[in-house]
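Counting in numbering that gives the first Met the number 0, the sequence shown tops out at residue 419, every number present. All C-beta atoms in this analysis are idealised placements derived from N, C-alpha and C, irrespective of residue type, glycine included. Since the model is a prediction, treat every value here as computed from it, not as a measurement. Since the structure comes first, as structure tokens, the remarks are kept for the end.
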Amino acid sequence: MRISPLFLSKLKGLMLISVLVSESVALIKRGEKYKGLCPFHNDKNPSMDIDDAKGRYKCWVCGEEGDIFDWERKINTGGDFYAAVRSIAIRLNEKMPDEDSLPNDKRNVKIVSALYRAQYLYRHGLVKNSTAVDYLAFRGFTSKTVELWELGVVSKGVISILRKKFSDDVLISSGIAKRDNKGDLYDCLRQRITIPLKNRNGTLVGFAGRKLFEWDESPKYLNLAETNVFTKGELLFGLDKALPHIYKANCAVIVEGYFDVISLHQAGEQKAVAGMGTAITEHQLNTLMNIARTLIFCFDNDNGGARAIRCLLPKLLGVITDKHTVRFNFLDIGYDPDEYIKSKGLGSWSQSCEQSLPLSFLLMQYITSNFKLDSLEDKQRAAIRATEVCNSIKKARYLKQLLMNKVKNELGIIVEVQNE
Numbered sequence: 000m001r002i003s004p005l006f007l008s009k010l011k012g013l014m015l016i017s018v019l020v021s022e023s024v025a026l027i028k029r030g031e032k033y034k035g036l037c038p039f040h041n042d043k044n045p046s047m048d049i050d051d052a053k054g055r056y057k058c059w060v061c062g063e064e065g066d067i068f069d070w071e072r073k074i075n076t077g078g079d080f081y082a083a084v085r086s087i088a089i090r091l092n093e094k095m096p097d098e099d100s101l102p103n104d105k106r107n108v109k110i111v112s113a114l115y116r117a118q119y120l121y122r123h124g125l126v127k128n129s130t131a132v133d134y135l136a137f138r139g140f141t142s143k144t145v146e147l148w149e150l151g152v153v154s155k156g157v158i159s160i161l162r163k164k165f166s167d168d169v170l171i172s173s174g175i176a177k178r179d180n181k182g183d184l185y186d187c188l189r190q191r192i193t194i195p196l197k198n199r200n201g202t203l204v205g206f207a208g209r210k211l212f213e214w215d216e217s218p219k220y221l222n223l224a225e226t227n228v229f230t231k232g233e234l235l236f237g238l239d240k241a242l243p244h245i246y247k248a249n250c251a252v253i254v255e256g257y258f259d260v261i262s263l264h265q266a267g268e269q270k271a272v273a274g275m276g277t278a279i280t281e282h283q284l285n286t287l288m289n290i291a292r293t294l295i296f297c298f299d300n301d302n303g304g305a306r307a308i309r310c311l312l313p314k315l316l317g318v319i320t321d322k323h324t325v326r327f328n329f330l331d332i333g334y335d336p337d338e339y340i341k342s343k344g345l346g347s348w349s350q351s352c353e354q355s356l357p358l359s360f361l362l363m364q365y366i367t368s369n370f371k372l373d374s375l376e377d378k379q380r381a382a383i384r385a386t387e388v389c390n391s392i393k394k395a396r397y398l399k400q401l402l403m404n405k406v407k408n409e410l411g412i413i414v415e416v417q418n419e
């Protein structure tokens, strides 16, 4: 049975090779890589490198090398490639694709091809659009940054050029174009700065657009519609560039906006990623926890940021483990990460991250907020909140126990949790 290349790519993006290899071999971290004894020959000194950034292992003595599927096939499934893929999919709770879904692959290739062609036209159009160039300069982005992040602008005539190579159906399926009330095709991101959206492997899967004119009453940012190759809740903006730096530091910084990420990277904070302009999903959290032990969330210190945190916490409590540290960086009121890094510099930013608040602080704050704890009724309500919070912690047994102890010692409340 043939397996979809897109499915294989997805599994590679979800499974760190070091996690897989460590099931069979004790690993030692050396710089950005891991080393271990090679199981393919009588190895007495660790001669095998495991490189998460490349997703590969290699023994420098016997020459054995490969990716997660090669490892699983040779170690656990007796050489059966399909069984190896299935075994990894089961680990990741991913359903194996049906053969009926395979014809979609050719269509997906056309969609990705259309996206890359559009990107070329958007970038070419930026050079000729002084308004867009001036706007990006005003935002403090250097020409090197604009080039690195492949920013562009939607110019007139792009759709006409794309139609010479791609059918209307492909352009619509890619999210690049829509039909108006008259049935004519138009650019979904017209009069916008284009921001390429890539998966962790660096493959272009979509675009976001930032409006170019402030008098424009449409939303400040727009994502292209979800497609066969682009699901907003599964993607983290900037991860393709941040991944090596996250691995090196074992830490990820999560912000809200696309330009926040770009500004932070330009200033030297290269561990930064963001959601897709929507609330962080459980899938995105699992991705983050699979690549870093420490997560620092930095949301705007305003009502919007407060809402984002309230939305995040229930999902976070369901997936966090005792191996992870989660902190929250609250910037000075009136600053978002983009403004902060440009105004105060990398040193001040790094210091603010070091002084970020632990998850336990926010949980205690949530449990006690708006309550006068000298009132029996308010203490009763705090007890209900504490019980809800502790019961929401599913995978971090010690965090749950320590939080229960803290609630007992500071509030005099004994929390009763559900049996697991």
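Original post:
Secondary structure at Cys37, three-state DSSP: helix, strand or coil?
Top reply: Counting from 1 along the sequence shown, the entry for residue 37 is found at position 38. Coil at Cys37, not helix or strand.
Subject >> Euclidean distance between Cα positions of Lys341 and Gly208 >> reply: If you number the sequence shown from 1, residue 341 lands on position 342. If you number the sequence shown from 1, residue 208 lands on position 209. Their Cα atoms are separated by approximately 22 Å.
Original post:
DSSP on Ile413, reduced to helix/strand/coil?
Top reply: The sequence position of residue 413 within the sequence shown is 414, counting from 1. DSSP places Ile413 in coil when its eight states are reduced to three.
Original post:
Going by the beta-carbon positions, is the gap between Ala273 and Phe236 smaller than 7 Å?
Top reply: Indexing the sequence shown from 1 puts residue 273 at position 274. Indexing the sequence shown from 1 puts residue 236 at position 237. Contact: yes.
Original post:
Which residues bound the beta strand (DSSP E) around Pro195?
Top reply: As a working note, residue 195 is residue 196 in the sequence shown. First-last of the beta strand (DSSP E) with Pro195: Arg191 to Lys197.
Original post:
Who are the Cβ neighbours of Pro102 in its own chain at under 7 Å, not counting the five residues just before and after it?
Top reply: Within the sequence shown, numbered from 1, the residue matching residue 102 stands at position 103. Since pLDDT at Pro102 reaches only 43, below the 50 mark, its modelled position is unreliable, and the value read off the structure follows with that caveat. Hits under 7 Å: none found.
Subject >> Runs of alpha helix (DSSP H) wholly within the segment 309 to 375 (minimum 4 residues, chain order) >> reply: 336 to 353 and 358 to 367
Subject >> Candidates Phe329, Ala176 and Gly276, of which the one nearest Phe298 by Cα >> reply: Mapped onto the sequence shown, residue 298 falls at position 299. Minimum Cα distance to Phe298 is reached at Phe329.
**OP:** From the DSSP output, in three-state form, read off Val18 for me.
**Re:** The residue given as residue 18 occupies position 19 in the sequence shown. Three-state DSSP puts Val18 in a helix.
Subject >> Anticipated Cβ contact below 8 Å, Ile194 with Tyr257, distance rounded >> reply: As a position in the sequence shown, residue 194 is number 195, starting the count at 1. As a position in the sequence shown, residue 257 is number 258, starting the count at 1. That belief holds up - the Cβ atoms of Ile194 and Tyr257 are roughly 5 Å apart, short of 8 Å.
**OP:** Please find out if some non-hydrogen atom of the ligand SAH comes closer than 6 Å to the beta-carbon of Gln400.
**Re:** The model on display carries no ligand, and the ligand SAH is accordingly not part of it.
**OP:** Can you give me the start and stop residues for the beta strand (DSSP E) that Ala25 sits inside?
**Re:** On the sequence shown, residue 25 is found 26 positions in, with the first residue counted as 1. Taken as a continuous stretch (DSSP letters only), Ala25 belongs to no beta strand (DSSP E), as it is neither H nor E.
Subject >> Reduced DSSP secondary structure (H/G/I, E/B, other) of Asp51 >> reply: The residue you call residue 51 lines up with position 52 of the sequence shown. The answer is coil: DSSP assigns Asp51 none of H, G, I, E or B.
Original post:
Per DSSP, Phe206 forms a beta bridge with which residues?
Top reply: Looking up residue 206 in the sequence shown gives position 207. Pro195.
Subject >> Straight-line Cα distance separating Leu91 from Arg384 >> reply: Locating residue 384 in the sequence shown gives position 385, where the first residue counts as 1. Locating residue 91 in the sequence shown gives position 92, where the first residue counts as 1. Approximately 32 Å between the Cα atoms of the pair.
Original post:
Quick one: what's got a C-beta closer than 6 Å to Lys393's C-beta in the same chain, skipping five residues either side?
Top reply: Along the sequence shown, one-based indexing puts residue 393 at 394. The residues are Gly317.
Original post:
When burial is assigned at 16 or more other CB atoms within 10 Å of the CB, is His323 buried or exposed?
Top reply: Counted from its first residue, the sequence shown places residue 323 at position 324. Buried, by the Cβ-count rule.
Original post:
In three-state DSSP terms, what is Glu64?
Top reply: Looking up residue 64 in the sequence shown gives position 65. Glu64 falls in the strand class under three-state DSSP.
**OP:** Identify the continuous beta strand (DSSP E) that holds Ile295 and give its terminal residues.
**Re:** Taking the first residue of the sequence shown as position 1, residue 295 is located at position 296. That run of the beta strand (DSSP E) goes Thr293 to Phe296.
**OP:** Alpha carbon to alpha carbon, how far is Cys37 from Glu225? Give it in angstroms, no decimals.
**Re:** If you number the sequence shown from 1, residue 225 lands on position 226. If you number the sequence shown from 1, residue 37 lands on position 38. Distance between the alpha carbons of Glu225 and Cys37: 43 Å.
**OP:** Determine the DSSP secondary structure at Lys393, reduced to helix, strand or coil.
**Re:** Looking up residue 393 in the sequence shown gives position 394. Correct three-state label for Lys393: coil.
Original post:
Got a sec, what are the start and stop residues for the beta strand (DSSP E) Lys252 sits in?
Top reply: If you number the sequence shown from 1, residue 252 lands on position 253. Correcting the residue identity first, residue 252 is Val in this sequence and not Lys. That run of the beta strand (DSSP E) goes Cys250 to Val254.
Original post:
Going by alpha carbons, who is nearest to Trp214 out of Leu234, Leu223, Phe206 and Gln190?
Top reply: Locating residue 214 in the sequence shown gives position 215, where the first residue counts as 1. Looking at the Cα atoms, Gln190 is the closest of the given residues.
Subject >> Endpoints, the beta strand (DSSP E) within which Leu235 is located >> reply: On the sequence shown, position 236 is the one that residue 235 refers to. Per DSSP, Leu235 belongs to no beta strand (DSSP E) and is neither H nor E.
Original post:
Expressed to the nearest angstrom, what Euclidean distance is found between the alpha-carbon atoms of Ser17 and Lys181?
Top reply: Taking the first residue of the sequence shown as 1, we reach residue 17 at position 18. Taking the first residue of the sequence shown as 1, we reach residue 181 at position 182. Taking the straight line from one Cα to the other gives about 54 Å.
**OP:** Would you check if the distance between the CB atom of Arg85 and the CB atom of Gly78 is smaller than 7 Å?
**Re:** On the sequence shown, position 86 is the one that residue 85 refers to. On the sequence shown, position 79 is the one that residue 78 refers to. Cβ atoms of Arg85 and Gly78: not closer than 7 Å.
Subject >> Extent of the continuous beta strand (DSSP E) run through Val492 >> reply: Past the edges of the chain, shown from 0 to 419, lies residue 492, and the structure says nothing about it.
**OP:** Excluding the 5 residues preceding and the 5 following Leu361 in the sequence, name in chain order all residues of the same chain whose CB lies nearer than 8 Å to its CB.
**Re:** Locating residue 361 in the sequence shown gives position 362, where the first residue counts as 1. Correct list, in chain order: Ile308, Leu312 and Phe327.
Original post:
Thr76 to Ile290, Cα distance in whole Å?
Top reply: Position 77 of the sequence shown, counted from the start, is the residue given in the question as residue 76. Position 291 of the sequence shown, counted from the start, is the residue given in the question as residue 290. So the alpha carbons of these two residues sit roughly 26 Å apart.
Original post:
So the alpha helix (DSSP H) Lys9 belongs to, where does it begin and stop?
Top reply: Translated into the one-based positions of the sequence shown, residue 9 becomes position 10. Segment Pro4 to Leu13, the alpha helix (DSSP H) holding Lys9.
Original post:
Leu170 and Leu184 look like a contact to me (Cβ under 8 Å); what is the Cβ gap, rounded to whole Å?
Top reply: If you number the sequence shown from 1, residue 170 lands on position 171. If you number the sequence shown from 1, residue 184 lands on position 185. Yes, they are in contact, since the Cβ atoms of Leu170 and Leu184 sit about 7 Å apart, within 8 Å.
Subject >> N-terminal and C-terminal residue of the alpha helix (DSSP H) that Val84 is part of >> reply: Numbered from 1 along the sequence shown, position 85 holds the residue referred to as residue 84. Here the alpha helix (DSSP H) through Val84 covers Phe80 to Arg90.
Original post:
Would Ala131 be called buried (16 or more neighbouring beta carbons within 10 Å of its own) or exposed?
Top reply: The count along the sequence shown starts at 1 and reaches residue 131 at position 132. Buried.
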